[in-house]
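Q: Quick one: structure below, then a few questions.
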Amino acid sequence: MRDFTSDQIKKIKPSGIRKFFDIARQLDNCVSLGVGEPDFDTPWHITEEGIYALEQGYTFYTANQGMPELRKEIAAWNKRKYDLDYLADEIIVTTGGSEAIDIAVRCCVDPGDEVIVLDPSYVCYEPDVLLAGGVVKKIRLKAENEFRLTPEELLSAITPKTKILLINYPNNPTGGIMGKEDLEKIAKIIIERDLLVISDEIYSELTYGKKHFSIAALPGMKERTITINGFSKTYSMTGWRLGYVMGPLPIIEQMKKIHQFSIMSAPTLSQYAGIEALRNGDEDIVTMREEYDRRRKYLLGEFERLGLPCFEPRGAFYIFPDISKFGKTSEEFCLDLLEKERLVIVPGTAFGESGEGFVRISYAYSLDSLKEAIRRLEHYLSQIN
Numbered sequence: 011m012r013d014f015t016s017d018q019i020k021k022i023k024p025s026g027i028r029k030f031f032d033i034a035r036q037l038d039n040c041v042s043l044g045v046g047e048p049d050f051d052t053p054w055h056i057t058e059e060g061i062y063a064l065e066q067g068y069t070f071y072t073a074n075q076g077m078p079e080l081r082k083e084i085a086a087w088n089k090r091k092y093d094l095d096y097l098a099d100e101i102i103v104t105t106g107g108s109e110a111i112d113i114a115v116r117c118c119v120d121p122g123d124e125v126i127v128l129d130p131s132y133v134c135y136e137p138d139v140l141l142a143g144g145v146v147k148k149i150r151l152k153a154e155n156e157f158r159l160t161p162e163e164l165l166s167a168i169t170p171k172t173k174i175l176l177i178n179y180p181n182n183p184t185g186g187i188m189g190k191e192d193l194e195k196i197a198k199i200i201i202e203r204d205l206l207v208i209s210d211e212i213y214s215e216l217t218y219g220k221k222h223f224s225i226a227a228l229p230g231m232k233e234r235t236i237t238i239n240g241f242s243k244t245y246s247m248t249g250w251r252l253g254y255v256m257g258p259l260p261i262i263e264q265m266k267k268i269h270q271f272s273i274m275s276a277p278t279l280s281q282y283a284g285i286e287a288l289r290n291g292d293e294d295i296v297t298m299r300e301e302y303d304r305r306r307k308y309l310l311g312e313f314e315r316l317g318l319p320c321f322e323p324r325g326a327f328y329i330f331p332d333i334s335k336f337g338k339t340s341e342e343f344c345l346d347l348l349e350k351e352r353l354v355i356v357p358g359t360a361f362g363e364s365g366e367g368f369v370r371i372s373y374a375y376s377l378d379s380l381k382e383a384i385r386r387l388e389h390y391l392s393q394i395n
């Protein structure tokens, strides 16, 4: 019998994050700092709204694009937070941020189009581009630039076939951010070269010391930016599977067709909970952000004590220390650490080749878990130094 699977899908590697997660599940007494999932329960008033919707029998399909009430709240929230002017019709409610990224890429990429992807970056970007028939052009971000994209790097990557720049700030896995002044330099090039930006801003509310700025808020950029966001990280709602995409109406209208035929609509109960989150969840965000910041500062202090070089992350809930001095690849380091200490962290190469020499550690875990992780890491380093 012939092989019925696609040649394209065979070229795509499984997630490097899930590889370590799956290994850890088979071992006893593991401490995992591998998955970027908040350890907070979804705030009760949000959960309660989902329960109420279930009790009221709100279990039917919604409009494909998402409940009008929710899209209006999303528009109002983004105006209040980031001065973004979107109408409800310019928004699609999706099954998590991952679906939003996927349909944005599929909507805008024709076979042979080049898409610039930052390296390191979130694991789904490159596969999404390849599955759409696009060509990935990577820009290797540098620790000395705090993993910000520079104008010089962008200009060097653009060719006549370049169509899209895909960015993610605050960044996963590095925790890097880009401020308004950084984005202005990038936007100038985007407009001059007539490119589209897909901006994944799922960690927008998790910044420390500097408020997030959205590239779509810059003059001339709203009409050439697709903005991705969602509820998973901001409100600790990962399992609710609720995200959204905002963009120019002509693109949104085409994107909606992919959403209609592949997903139908986001979960109904989650949409009711999402309305409550946007209306009354600001205090929850502050509480969780302050706790993440406490954990961030703890890890920075411990890494300094242990002699692990690490730039200070200003966003998301990841830290990206440099382990190159130990003479192991990132994957060798993480596998050895897992085997000897039952501690799960993720090799930087799971996020791209330029992640070599780094590891990603998530601090979306309790301070007690982080302290135990540091104890195990310190013991491991004492054995290999």
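Numbering (our numbering), first residue to last: 11 to 395. Where a beta carbon is used, it is the ideal one built from N, C-alpha and C, also for glycine.
Going by DSSP, what residue range makes up the alpha helix (DSSP H) through Lys21?
A: Indexing the sequence shown from 1 puts residue 21 at position 11. Run containing Lys21: none; DSSP gives neither H nor E here.
Q: Could you spell out where the beta strand (DSSP E) holding Glu124 opens and where it closes?
A: To locate residue 124, count along the sequence shown from 1; it is residue 114. First-last of the beta strand (DSSP E) with Glu124: Glu124 to Asp129.
Q: Identify every residue that forms a DSSP beta bridge with Tyr390.
A: Locating residue 390 in the sequence shown gives position 380, counting from the first residue. Paired residue(s): none; Tyr390 is not in a bridge.
Q: Would you mind reading off the limits of the alpha helix (DSSP H) that contains Met265?
A: Position 255 of the sequence shown, counting from 1, holds the residue named residue 265. Counting along the chain, the alpha helix (DSSP H) containing Met265 begins and ends at Leu259 to Ser272.
Q: Quick one: what does DSSP say Phe50 is sitting in, helix, strand or coil?
A: Translated into positions along the sequence shown, residue 50 becomes position 40. Three-state result, Phe50: coil.
Q: Pick from Ile149, Val45 and Pro53: whose alpha carbon is nearest that of Leu165?
A: The count along the sequence shown starts at 1 and reaches residue 165 at position 155. The shortest Cα separation from Leu165 among Ile149, Val45 and Pro53 belongs to Ile149.
Q: Residues in the same chain with beta-carbon distance under 8 Å from Gly122, minus the five sequence neighbours each way, listed in chain order, please.
A: Your numbering for residue 122 matches position 112 in the sequence shown. Here the set comprises Gly143, Gly144, Val145 and Lys171.
Q: Can you name, in chain order, every residue of its own chain whose Cβ lies under 8 Å from the Cβ of Ile19, other than the five neighbours on each side?
A: Taking the sequence shown and counting its residues from 1, one reaches residue 19 at position 9. Hits under 8 Å: Leu141.
Q: Taking 8 Å as the limit between beta carbons, can you name the residues of its chain near Lys29, skipping five residues before and five after?
A: Sequence index remark: in the sequence shown, residue 29 carries index 19 (1-based). Closer than 8 Å at the Cβ level, and outside the excluded window around Lys29, lie Ala360.
Q: Take Glu286 and list the residues in its own chain whose beta-carbon comes closer than 7 Å to its own, dropping the five residues that flank it on each side.
A: Here residue 286 refers to the residue found at position 276 of the sequence shown. Excluding positions up to five away in sequence, the list reads His55, Ile56 and Glu59.
Q: Smallest Cα separation from Leu318: which of Leu309, Ser25 and Leu377?
A: Here residue 318 corresponds to residue number 308 of the sequence shown, with the count starting at 1. It is Leu309 whose Cα lies nearest to the Cα of Leu318.
Q: So who's on the other strand from Gly253, going by DSSP bridges?
A: Numbered from 1 along the sequence shown, position 243 holds the residue referred to as residue 253. DSSP lists Thr104 and Gly240 as partners of Gly253.
Q: Would you check if there are 3 or more beta carbon pairs closer than 8 Å linking the region 90–110 to the region 243–263?
A: The region 90–110 is in contact with the region 243–263.
Q: Can you give me the Cβ contacts of Ala326 inside the same chain, cut-off strictly under 6 Å, excluding the 5 residues immediately before and after it?
A: Indexing the sequence shown from 1 puts residue 326 at position 316. Answer for Ala326: Pro180, Asn182, Gly185, Tyr213 and Leu216, listed in chain order.
Q: With DSSP as the reference, identify every bridge partner of Phe321, one or two as the case may be.
A: The residue labelled residue 321 in the question sits at position 311 within the sequence shown. Phe321 pairs with nothing; no bridge assigned.
Q: Do you know offhand how far Ser224's Cα is from Ile101's?
A: Against the sequence shown, residue 224 aligns to sequence position 214. Against the sequence shown, residue 101 aligns to sequence position 91. When rounded, the distance between both Cα atoms is 16 Å.
Q: Does at least one heavy atom of the ligand HEM sit under 7 Å from the Cβ of Asp204?
A: In terms of ligand content, the structure shown is empty, and the ligand HEM therefore cannot be addressed.
Q: Does DSSP put Leu380 in a helix, a strand or coil?
A: Indexing the sequence shown from 1 puts residue 380 at position 370. Helix at Leu380.
Q: For the alpha helix (DSSP H) holding Leu1, just list the boundary residues, first then last.
A: The requested residue 1 does not occur in the structure, where the chain is confined to residues 11 to 395.
Q: Tell whether a beta-carbon distance below 8 Å holds between Pro48 and Lys243.
A: On the sequence shown, position 38 is the one that residue 48 refers to. On the sequence shown, position 233 is the one that residue 243 refers to. Yes, the pair counts as a contact, with Cβ atoms nearer than the cut-off.
Q: Judging by CA-CA distance, which residue of Asn74, Thr169 and Asn290 is the nearest neighbour of Phe271?
A: What you label residue 271 is simply residue 261 of the sequence shown in a count that begins at 1. Checked all of Asn74, Thr169 and Asn290; the closest Cα to Phe271 is Asn74.
Q: Report the three-state DSSP secondary structure of Pro78 (helix, strand or coil).
A: For the purposes of this step, residue 78 is taken as residue 68 along the sequence shown, with counting starting at 1. Of the three classes helix, strand and coil, the one that applies to Pro78 here is helix, per DSSP.
Q: Between Ser392, Ile199, Asp129 and Gly106, which lies nearest to Trp250 when the distance is taken from Cα to Cα?
A: Along the sequence shown, read from residue 1 onward, the residue named residue 250 stands at position 240. Comparing Cα-Cα distances from Trp250 to each of Ser392, Ile199, Asp129 and Gly106, the minimum goes to Gly106.
Q: Quick check on this structure: which residue in Glu202, Tyr218 and Tyr375 has the alpha carbon closest to the alpha carbon of Arg234?
A: Along the sequence shown, read from residue 1 onward, the residue named residue 234 stands at position 224. If we check each option's Cα against that of Arg234, Glu202 comes out closest.
Q: Taking the CB atoms as reference points, tell me whether Tyr71 and Leu279 lie closer together than 8 Å.
A: The residue given as residue 71 occupies position 61 in the sequence shown. The residue given as residue 279 occupies position 269 in the sequence shown. No.
Q: Spatial neighbours of Ile382 within its chain, please: C-beta separation below 7 Å, excluding the five flanking residues on both sides.
A: To locate residue 382, count along the sequence shown from 1; it is residue 372. At residue 382 the sequence reads Glu, which differs from the Ile that was named. Result list for Glu382: Val41, in chain order.
Q: What span of residues does the alpha helix (DSSP H) with Ser340 cover, start to end?
A: As a position in the sequence shown, residue 340 is number 330, starting the count at 1. Ser340 to Glu351 is the span of the alpha helix (DSSP H), which, as asked, contains Ser340.
Q: Please list, in chain order, all residues of the same chain as Val139 whose beta carbon is under 8 Å from its beta carbon, the five residues on each side excluded.
A: Within the sequence shown, residue 139 is the residue found at index 129, counting from 1. Correct list, in chain order: Val115, Val119, Val125, Val127, Val145, Val146 and Leu176.
Q: Taking the Cβ atom as the reference point for each residue, do Leu288 and Glu388 lie within a distance shorter than 8 Å?
A: The count along the sequence shown starts at 1 and reaches residue 288 at position 278. The count along the sequence shown starts at 1 and reaches residue 388 at position 378. No, Cβ-Cβ distance for Leu288 and Glu388 is not below 8 Å.
Q: Kindly list the residues whose CB is nearer than 8 Å to the CB of Glu79, restricted to its own chain and excluding five residues on each side of it in sequence; keep chain order.
A: As a working note, residue 79 is residue 69 in the sequence shown. Only Ile285 meet the Cβ criterion.
Q: Does the region 346–359 come close enough to the region 368–377 to have 3 or more Cβ pairs within less than 8 Å?
A: Judged by Cβ distances under 8 Å, the region 346–359 makes contact with the region 368–377, as three or more pairs qualify.
Q: For Glu194, which residues in the same chain have their Cβ closer than 7 Å to its Cβ, ignoring the five residues on either side in sequence?
A: The residue given as residue 194 occupies position 184 in the sequence shown. The residues are Leu228.
Q: Assign Thr278 to one of three DSSP states: helix, strand, or coil.
A: Here residue 278 refers to the residue found at position 268 of the sequence shown. Residue state, collapsed to three classes: helix.
Q: Using 10 angstroms around the beta-carbon of Leu377, count the other beta-carbons present and answer buried if the total reaches 16, otherwise exposed.
A: For the purposes of this step, residue 377 is taken as residue 367 along the sequence shown, with counting starting at 1. By the neighbour-count rule (16 or more Cβ atoms within 10 Å), Leu377 is not buried but exposed.
Q: Where does Leu206 sit, in a helix, a strand or coil, going by DSSP?
A: Indexing the sequence shown from 1 puts residue 206 at position 196. Strand.
Q: Please state the DSSP three-state secondary structure of Val119.
A: The residue given as residue 119 occupies position 109 in the sequence shown. In this structure, Val119 counts as coil in the three-state DSSP scheme.
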